């Protein structure tokens, strides 16, 4: 374990009768890192995080939170985890402020600390203007944001989010994703489970692809895409293709083709290569009117590793 690791999981295993729900799962999360468990429903994501949170007994393996062993009996570890379950854990007849005050006291906050932290979380969740309305009158997205706020009340160094955008509208989903990104920027380690590929690509520093209870691959988005062997593609719409030989000679370009005012390039890393390609095109007299970049995504990685689409 390195000094900045907030979570270490080694060889986690859980069975239910003959069903092996989690099979030898291992990964780590550093402070300020967002780690995504990406997989379809039933892949073992919720079982894994329930063992990490200390809610579910594991059949094998080890969990360490901030360097110390953690299990269902570890109050020290639970104090350092904010767990936001997939199902809403709120009292619908209470207001957002009343819910937060209640859960703050459960976490041991008292007096002025409760008031101050409740107001901070209301602002963070974007609910300050509706703080005294009953939660039952909230939209699905507002309830989800409040649910996350409850998990943040005690300022945990590790936040566990289980499918936090399930069933919310696009605007609320975007607000939730922005909030999660901000938390990681403040040094909070985030464990984020999802079956939405685009969320994992947007948020996560590293991703573990899980299926049938096993981690099939792990790494950054770029590392995972490299497993498939696909390259990025850049398409330049321009007045002619006279710069094609110049662009084809660039070390970043693997393949080049041109037709009908379009130059199509295959490269290793489009984001890094694009500025040099555009400069070379301009020097060769090519007037570029539009640029399209296509990168392999995690959907193709998942299909490659498991033989099925992510949402199967």
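Residue numbers (this note's numbering): 1461 to 1772.
For every residue, glycine included, the Cβ atom is placed at its ideal position computed from N, Cα and C.
All of these numbers come straight from a predicted model, not from anything done at the bench.
Exercise. Residue 1753: buried (16+ other C-beta within 10 angstroms of its C-beta) or exposed?
Worked result: exposed
For this session: Could you check what DSSP says for residue 1711 in three-state terms: helix, strand or coil?
Result: coil
Problem set entry | Cβ contact check for the segment 1690 to 1699 and the segment 1670 to 1677: 3 or more pairs under 8 Å | no
Problem set entry | Residue environment, residue 1698, which counts as buried when at least 16 other CB atoms sit within 10 Å | buried
Exercise. Whose CA, out of 1562, 1477, 1529 and 1625, lies closest to the CA of residue 1660?
Worked result: 1625
Exercise. Residue 1809: buried (16+ other C-beta within 10 angstroms of its C-beta) or exposed?
Worked result: In this structure the chain extends from 1461 to 1772, so residue 1809 is not present and cannot be described.
For this session: Taking only the alpha-carbon atoms, compute the straight-line gap between residue 1727 and residue 1664 and give it to the nearest angstrom.
Result: 24 Å
Exercise. Counting only runs that start and end within the segment 1575 to 1643, where is the alpha helix (DSSP H) found for 4 or more residues in a row?
Worked result: 1600 to 1612
Exercise. Distance, Cα to Cα, residue 1557 vs residue 1639?
Worked result: 19 Å
Exercise. Under the DSSP definition of a beta bridge, which residues are partnered with residue 1470?
Worked result: 1522
Exercise. When the Cα atoms are used, what is the spatial distance from residue 1618 to residue 1467?
Worked result: 8 Å
For this session: Assign residue 1487 to buried or exposed, taking buried as 16 or more other Cβ atoms, counted over all protein chains shown, within 10 Å of its Cβ.
Result: buried
Exercise. For residue 1535, which three-state DSSP category applies?
Worked result: helix
Problem set entry | Option nearest residue 1647 by Cα separation, candidates 1635, 1615 and 1668 | 1615
For this session: Say whether the segment 1507 to 1515 touches the segment 1527 to 1539, bearing in mind that this needs 3 or more beta-carbon pairs closer than 8 Å, one atom from each stretch.
Result: yes
Exercise. From residue 1695 to residue 1554, what distance separates their C-alpha atoms?
Worked result: 55 Å
Problem set entry | Beta-bridge pairing of residue 1528 - partner residues as DSSP gives them | 1525
For this session: Identify the continuous beta strand (DSSP E) that holds residue 1679 and give its terminal residues.
Result: 1674 to 1679
For this session: Check each candidate in 1494, 1684, 1679 and 1628 and name the one with the smallest Cα separation from residue 1755.
Result: 1684
Exercise. Considering only C-alpha positions, which residue in the set 1586, 1587, 1562 and 1549 is nearest to residue 1607?
Worked result: 1549
For this session: Within the same chain, show all residues whose beta-carbon is closer than 7 Å to that of residue 1706, passing over the 5 residues directly before and after it, in chain order.
Result: 1740 and 1744
Problem set entry | Host beta strand (DSSP E) of residue 1553 (start-end) | Note, residue 1553: premise wrong, no beta strand (DSSP E); not H, not E.
Exercise. Can you tell which of 1749, 1621, 1668 and 1579 has its C-alpha closest to the C-alpha of residue 1506?
Worked result: 1621
Exercise. Taking the C-alpha atoms as reference points, what is the distance between residue 1574 and residue 1584?
Worked result: 15 Å
For this session: Buried or exposed for residue 1481, please, with buried defined as at least 16 other CB atoms from any protein chain shown within 10 angstroms of its CB.
Result: buried
Exercise. Just how far apart, CA to CA, sit residue 1644 and residue 1577?
Worked result: 19 Å
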